[in-house]
Structures are given as C-alpha cells and as structure tokens.
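Going by my numbering, the first residue of the sequence shown is number 1041, and it counts up by one from there. Glycine included, each C-beta is placed from N, C-alpha and C at the ideal position. Accompanying notes for the structure given below.
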Amino acid sequence: MRLARADIKEKVRDDQLSAAEVVLSCPWQIHGMSISDLLMSQRRWGLSRCRRLLMSVGIPEDKRIGTLTERQRVALVAVLEAKGEPGAPAAAPRRLEREGALSAV
C-alpha cells in the first residue's frame, strides 16, 4: 500500500498524472492518504499553498481522499484545473506580465 501511494505521488510530481485525475479516479490504494499529501507532492506546492487552496473550497487539510464527498471532489478538481498546469505556480503569468516578459509576446 505504501509503495502504491509513493508511486502515485512520484507520478504526480513528475507530471505523468495530475492531482485532479487522482482525486476523480480515487484508486483504492490512496483512500487513506490525506489530500494535503497528494497536493504537496506536486512540484512547487508547499504547505501554505496547499492550505490556501483547501480553505478556498472548504476542505480540512487532514481530510482523507477516500472520505471526500462527490461535491468536494468536483469543487477541488475545478479549482485545480482552473490553476492550470499542476507544476506551474498560479501567479506566474501575472508576475511575468509585471516584469514585462509577456508584453513582447
């Protein structure tokens, strides 16, 4: 079970699998994994970013993936997909625009 969870976290970290896909499919191996562990396995996702996201959708950070309701799953996936690429920081386009990097494009 631990090896399966580690494998899924590694795939999420390497962008072979998105966290949104894992939340929607919810394989039996990760039912006991906390949602914050899954989110923090993404590149550039730390504890504070994870907490902000979970607070925005009203999900406790210690909630287990297997105990998410359908409504919570849909809300979490919608927010994750709205953020774009799992490894890309949410504020990157605005930061680049302020620095003038996107104005030449």
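Beta-carbon spacing of residue i, residue j below 8 Å
{"i": "M1073", "j": "R1045", "result": "yes"}
{"i": "I1075", "j": "L1094", "result": "yes"}
Pick from the options that is closest to residue i, judged by C-alpha positions
{"i": "G1098", "options": "Q1069, V1114, R1083 and R1084", "result": "V1114"}
{"i": "A1101", "options": "M1080, V1119 and E1121", "result": "Before going on, a small fix: residue 1101 reads as Glu here, not Ala. Looking at the Cα atoms, M1080 is the closest of the given residues."}
Residue i: first and last residue of the uninterrupted alpha helix (DSSP H) it sits in
{"i": "R1089", "result": "L1087 to V1097"}
{"i": "E1001", "result": "Residue 1001 is absent from the structure shown; the chain starts at 1041 and stops at 1145."}
{"i": "L1057", "result": "No alpha helix (DSSP H) contains L1057, which DSSP labels as neither H nor E."}
{"i": "R1111", "result": "E1110 to A1122"}
{"i": "S1076", "result": "I1075 to M1080"}
Proximal residues to residue i (C-beta, below 6 Å), its chain only, five neighbours per side dropped
{"i": "D1077", "result": "none"}
Cβ-based burial, residue i [other Cβ within 10 Å; buried from 16]
{"i": "L1116", "result": "buried"}
Close Cβ partners of residue i (< 7 Å) along its chain, the five nearest in sequence each way excluded
{"i": "M1020", "result": "Outside the shown range of the chain (1041 to 1145) lies residue 1020, about which nothing can therefore be said."}
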